[in-house]
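Some notes on the structure that comes next.
2 protein chains.
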Amino acid sequence: MMQNAQVHQVVIIGGGFGGLYAAKALRRASVRVTLVDKRNFHLFQPLLYQVATGGVSPGDIAYPLRSVFARDAHFSVIMAEASDIDVSQRTVILRDGSLTYDTLIIATGASHQYFGHDEWAQTAPGLKTIEDALEIRRRIFLAFELAEREPDPEKRRALLTFVIIGGGPTGVELAGTLGELTHRTLKNHFRAIDPAEAHIFLLEGAERILLAFPSDLSAKAAAALTHVGVTVRPRTLVTDMRDNTVTMCSGEAIENLQARTILWTAGVKASVMGEVLAKHTGVTLDRAGRVPVEPNLTIPGHPEIFVIGDLAHFAHQDGKPLPGVAAVAIQQGRYVGELISQRLQKKDLTPFRYHDKGNLAIIGRNAGVADFGRWHVHGFLAWILWLFVHIYYLIGFDNKLLVLFQWAWNYITRKRGAQLITGKDA
Amino acid sequence: MMQNAQVHQVVIIGGGFGGLYAAKALRRASVRVTLVDKRNFHLFQPLLYQVATGGVSPGDIAYPLRSVFARDAHFSVIMAEASDIDVSQRTVILRDGSLTYDTLIIATGASHQYFGHDEWAQTAPGLKTIEDALEIRRRIFLAFELAEREPDPEKRRALLTFVIIGGGPTGVELAGTLGELTHRTLKNHFRAIDPAEAHIFLLEGAERILLAFPSDLSAKAAAALTHVGVTVRPRTLVTDMRDNTVTMCSGEAIENLQARTILWTAGVKASVMGEVLAKHTGVTLDRAGRVPVEPNLTIPGHPEIFVIGDLAHFAHQDGKPLPGVAAVAIQQGRYVGELISQRLQKKDLTPFRYHDKGNLAIIGRNAGVADFGRWHVHGFLAWILWLFVHIYYLIGFDNKLLVLFQWAWNYITRKRGAQLITGKDA
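Protein chains in written order, with my numbering: chain A, 1 to 426; chain B, 427 to 852.
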């Protein structure tokens with residue numbers, strides 16, 4: 001890579017919320033920035049469940065990274081996979097090349113994990129990439145098509161049974177949208193089946209869904225899900241899955257559920273870059289594979305290496321690590337960009353502080369829950385708030401108006417223009 | 427399948443333009459209609475090249491068939507593949523079931539062919555399905571990403587060489603949009619390469635591109651392509667391709683071209699349903715595998731079987747078969763729907779007559795050629811006409827405003843929001 005030795009080199013690994021906002025914060029700094037990502041686009045992950053349920057198209061929530069920085073001549077974007085870091089030589093090792101840095105920002109995020117049951121991945125896909133979302137979309141809509149043509153009542157029932165494992169925000173959003181889909185959107189679409197007969201189960205191991213929210217909002221969310229036909233099962237653990245059968249246990253009771261579509265939103269594991277850092281710098285990862293960071297988001301002994309977003313374990317505010325949400329990654333990205341700019345002017349910044357603007361989850365078409373500390377909001381108002389927050393953050397996407405228009409259109413017509421069954425097995 | 431013996435049963439195989447418009451024309455008829463398609467959506471194929479070049483998303487040009495007929499209680503849509511027809515029993519054999527009919531409409535269209543070189547399919551994909559378009563999109567944008575990181579000038583040149591085989595409308599549209607992309611849209615997106623240095627070749631075996639158009643418009647189209655950097659090579663046949671090398675011959679001269687991206691738009695072959703009909707009814711297919719039809723679009727000896735669209739060979743107007751374009755399929759679909767309605771009232775229709783409203787092809791962002799018989803239009807005016815014609819035909823798509831808005835947006839900003847590299851190898 002062509003790099004100018006005089007100018008401070010910043011390498012950012014990962015073009016998610018953390019990496020993207022760090023890069024944007026460096027636009028006016030006297031640095032050269034190289035942004036490395038496996039993919040050629042930034043993905044607006046909070047809306048991925050909408051792709052999985054046929055609400056919007058992948059192109060509506062993904063944005064080519066090169067477009068963002070086309071006019072920033074001191075930026076370059078590289079589509080490549082980082083495999084290792086030579087900390088002493090300040091070099092990122094790519095699968096096919098290398099990049100030297102003065103400052104390194106690692107923002108490689110997290111993916112799902114199956115708690116030692118990797119064999120479940122085929123049966124119950126998770127939702128982290130566009131390919132995941134398209135695979136889930138394919139399974140959901142194919143299940144209805146097959147059910148329409150299935151004469152055997154037992155098999156038809158299994159085809160119309162959807163199990164979502166994990167009652168966090170993604171599980172709640174998927175279950176709520178599926179409830180919407182079966183009870184409203186797909187009404188009159190079939191002749192032999194009634195989609196409203198579908199069974200949707202949301203399984204959660206803990207005592208309630210949305211554990212990160214106050215318990216009154218969890219209860220509101222559970223009620224809203226029940227209203228769109230979702231069976232919410234807290235205190236339920238999945239112990240096995242095979243041949244379209246989920247085995248689950250609630251206390252002493254063990255139960256088998258026949259279901260053709262099983263979705264996994266239960267476990268999150270930080271990216272392997274955590275292990276790379278552990279090997280070379282001696283940091284000890286937490287149980288989820290995250291890297292404990294200093295108050296200024298560097299790692300101990302390496303003021304030139306920042307870790308932000310879902311990969312970072314930051315616990316300097318109230319002892320609890322910050323959650324793996326977009327807002328944390330965005331604020332950390334901005335902080336690090338600003339800190340690097342200040343350092344070049346021999347200044348420093350106070351430690352990072354997360355400004356919690358609230359926590360939102362959405363249930364179907366016009367219900368949601370929102371936690372603003374003292375304020376607890378639910379129902380339509382929470383849904384409207386969620387809409388405004390997402391529109392605000394879609395700023396920077398040049399197609400934000402389009403996505404908004406598409407939502408409005410879907411909202412009014414209850415149609416889902418992106419209900420395509422695509423892919424190799426379609 | 428649940429079918430009422432008293433009511434006239436119409437089975438339509440294929441949900442492309444022909445099948446869709448035949449079904450729509452039967453909305454008020456006293457019949458039961460079953461529409462069978464392998465896919466769960468109608469595809470607006472004339473815009474598929476826009477998906478392949480990152481202009482619009484698949485969801486923008488595909489429409490779930492069930493949505494179209496949700497309110498027509500006497501219609502049912504079945505996602506299934508027809509494998510055979512029992513003409514004497516009036517039964518369509520599906521891979522997993524069967525359907526009896528009183529009247530059958532076969533509108534299964536055409537796919538690409540490699541003239542005995544099926545091994546070229548991997549090297550040079552064609553453009554008929556959404557999966558094809560996404561694969562082509564992946565190859566195009568990946569080529570630029572790899573070129574940006576390729577130090578070897580020869581390999582870089584091969585990565586930036588795009589060969590399109592076949593100078594019909596699809597080849598011209600792909601080449602024109604690629605020219606646009608490399609010379610305008612991707613400007614400033616890269617640091618090590620200049621996309622404008624890309625080499626785009628459009629190879630055509632005949633003496634000129636757009637052979638279906640008058641020769642003055644072919645010349646205008648060739649000039650417009652040259653203007654956006656496309657090298658147009660008429661009288662050029664491809665004799666081999668392997669290892670990123672295309673071997674082509676122009677008269678006596680044999681030439682090898684190093685190219686990583688090769689696209690195929692040269693050959694069309696009618697669907698296998700033609701062979702099924704030939705076997706059971708004795709009709710003789712034409713060289714492209716099409717079924718010769720009677721003046722009323724039935725097949726000889728079978729007034730209850732209609733063949734329409736790209737699968738039909740209709741030559742009753744001026745001796746030449748009608749071209750495989752959307753307008754022909756739409757008019758034939760409407761005619762057949764109307765004819766069936768009339769027959770139920772013991773009436774008949776005059777033979778099918780194609781009303782040729784003109785022929786259009788588009789080159790990049792604001793150029794095109796249009797043939798209206800006496801009128802020959804080219805340049806910006808042809809592009810505007812093309813836009814209006816497509817908007818008109820997108821009526822029936824509930825997202826037509828969205829697609830229009832996205833085009834307008836892309837047109838103004840020259841951005842391509844759907845430039846995603848996705849798929850298993852991404």
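For each residue, glycine too, the CB sits at the ideal point set by N, CA and C.
Residues near G445 (chain B) in its chain [Cβ-Cβ closer than 6 Å; skip 5 each side]: I438, A533
Contact list for N188 (chain A) against chain B, beta-carbon separation under 7 Å: A496, R497
Cut-off 7 Å between Cβ atoms - residues of its own chain near S524 (chain B), not counting five sequence neighbours on either side: T517, V518
Segment contact flag, the segment 117-124 of chain A with the segment 69-76 of chain A, C-beta cutoff 8 Å, min 3 pairs: no
Helix, strand or coil at E561 (chain B) according to DSSP, with G and I counted as helix: helix
DSSP state of A223 (chain A) mapped onto helix, strand, coil: helix
Contact belief for T657 (chain B) with T665 (chain B) at Cβ below 8 Å, rounded distance in angstroms: Wrong, their Cβ atoms sit about 19 Å apart, outside the cutoff.
Close Cβ partners of M273 (chain A) (< 6 Å) along its chain, the five nearest in sequence each way excluded: I106, T108
For D240 (chain A), the three-state DSSP class (helix, strand or coil): strand
Nonlocal neighbours in the same chain, by C-beta distance under 6 Å from A80 (chain A), ignoring five residues either side: V36, L94
Pair within 7 Å by beta-carbon distance, G364 (chain A) and V228 (chain A): yes
Whole-angstrom C-beta distance between A755 (chain B) and G552 (chain B), which should lie under 8 Å: About 19 Å; that fails the 8 Å criterion.
Collapsed DSSP secondary structure at R458 (chain B) in the structure displayed: strand
Nearest-angstrom beta carbon gap, I61 (chain A) and V51 (chain A) [assumed within contact, 8 Å]: 7 Å
Residues near R760 (chain B) in its chain [Cβ-Cβ closer than 6 Å; skip 5 each side]: Y447, A451
Bounding residues of the beta strand (DSSP E) (the contiguous stretch that carries L104 (chain A)): 103-106
Minimum length 3: unbroken beta strand (DSSP E) runs contained in the segment 335-399 of chain A: 359-363, 367-372, 375-378
Neighbour list for E557 (chain B) in chain A, Cβ cutoff strictly below 7 Å: T422
Within-7 Å CB hit, F306 (chain A) to chain B: no
Contacts that I504 (chain B) makes with chain A (C-beta to C-beta distance below 8 Å): E148, R149
Close beta carbons around P777 (chain B), own chain, < 7 Å, minus the five adjacent residues each side: P721, N722, H742
Contact with chain A by R617 (chain B), beta-carbon distance below 7 Å: yes
Min CB distance F588 (chain B) to chain A below 7 Å: no
Listed by chain order, chain B residues near P58 (chain A) by CB distance under 9 Å: S483, P484, G485, A844, L846, T848
Interface residues of the segment 79-108 of chain A facing chain B [CB-CB below 8 Å]: M79, A80, D96, G97
Within chain A, the residues that S369 (chain B) reaches when beta carbons sit closer than 9 Å: Residue 369 (chain B) is absent from the structure shown; chain B starts at 427 and stops at 852.
Rounded straight-line distance, which links the Cα of Q45 (chain A) to that of W264 (chain A): 16 Å
Against chain A: residues of the segment 751-778 of chain B by CB proximity under 9 Å: none
Partners in chain B for A23 (chain A), counting only beta-carbon separations shorter than 8 Å: Within 8 Å Cβ-Cβ: nothing; A23 (chain A) doesn't reach chain B, min ~14 Å.
Below-7 Å beta-carbon distance, P621 (chain B) vs any chain A residue: no
Burial state of P195 (chain A), where buried means 16 or more other Cβ atoms lie within 10 Å: buried
Proximal residues of chain A, C-beta to C-beta of F467 (chain B) below 8 Å: Q419, L420, I421
Partners in chain B for A62 (chain A), counting only beta-carbon separations shorter than 7 Å: L846
Beta-carbon proximity check, L159 (chain A) vs R260 (chain A), cutoff 7 Å: yes
Neighbour flag for E145 (chain A) against chain B, beta carbons, 7 Å: yes
Under the three-state DSSP convention, the category K128 (chain A) falls into: coil
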